[in-house]
Amino acid sequence: MPDPIPLPLEVLRPAATPVADLDFHLWRDAPGWRNLTLAAIGLSAAVIALPLVGTPSAEETNNSIASCHGNAAAFAGPSGRGEVVGFLTTDQAIKLLQNTQFSSRMAINPDFLTNVRSLVHVEGSLEGTRMVYLLPQGMNARIGDHVEVVGGHVDPSLPCHYIPNLIVRVQ
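Residues in the sequence shown are numbered from 35 upward in steps of one, following my numbering.
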């Protein structure tokens with residue numbers, strides 16, 4: 035094996051370190067460093083805040099919809115047959131609508147906002163028990179009419195909305 039090439043002595047000696055400038059301040063004199071630090075802080079804050087303000091994923095949307103659906107019992111009345119025993123005034127209907135939407139944390143389907151609200155005694159319920167059922171547009175009922183009713187349910191076409199108790203047929 036050939037002899038290694040000798041290195042000059044300057045390479046083997048440590049280089050003299052320059053004396054630091056006593057008037058040097060990293061934040062003031064190194065704008066690149068300052069910008070890098072500020073960018074790192076901003077990105078870190080964004081990464082931490084992203085789950086709090088980010089766009090919901092499909093799973094989160096399903097969870098929020100499921101949380102709305104957990105309150106379906108707040109507005110669901112019994113299904114079956116009954117007798118119309120009265121009607122709500124406009125003021126009573128508005129108050130009931132507000133209370134139902136607040137307690138269920140869901141909004142009524144907009145198609146049913148202006149429907150007439152009737153009081154129905156459902157067969158098999160206690161004497162004097164009345165439930166509110168909506169008359170669909172174009173359907174007429176009078177006090178004493180026998181009706182078929184269905185309970186309210188979550189609206190599958192609108193998240194966090196419900197379809198109220200409805201009269202489906204006047205007999």
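From the three backbone atoms N, C-alpha and C, an ideal C-beta is built for every residue, glycine too.
Keep in mind it's a predicted model, so treat the numbers as computed, not measured.
Here the alpha carbons of residue 71 and residue 77 stand approximately 10 Å from one another.
Within the segment 114-195, complete alpha helix (DSSP H) segments of at least 4 residues are found at 124-138, given in chain order. Per the Cβ contact rule, the segment 152-163 is not in contact with the segment 134-144 (fewer than 3 Cβ pairs under 8 Å). Within the DSSP bridge table, the entry for residue 203 names 182 as partners. Counting only the Cα atoms, residue 69 lies some 57 Å from residue 146. Distance check between residue 175 and each of 149, 191 and 190 places 149 closest, using alpha-carbon atoms only.
Shown here for residue 189: same chain residues with a beta carbon closer than 6 Å to its own, the five before and five after excluded, namely 143, 195, 196 and 197 in chain order. The beta carbon of residue 111 sits closer than 6 Å to the beta carbons of 165, 185 and 199 from its chain, once the five residues preceding and following it are set aside; these are given in chain order.
The distance from the Cβ of residue 153 to that of residue 120 is about 4 Å, consistent with a contact at the 8 Å cut-off.
Beta-bridge annotation (DSSP): residue 197 is paired with 187. Rounded to the nearest angstrom, the gap between the Cα atoms of residue 118 and residue 133 is 22 Å.
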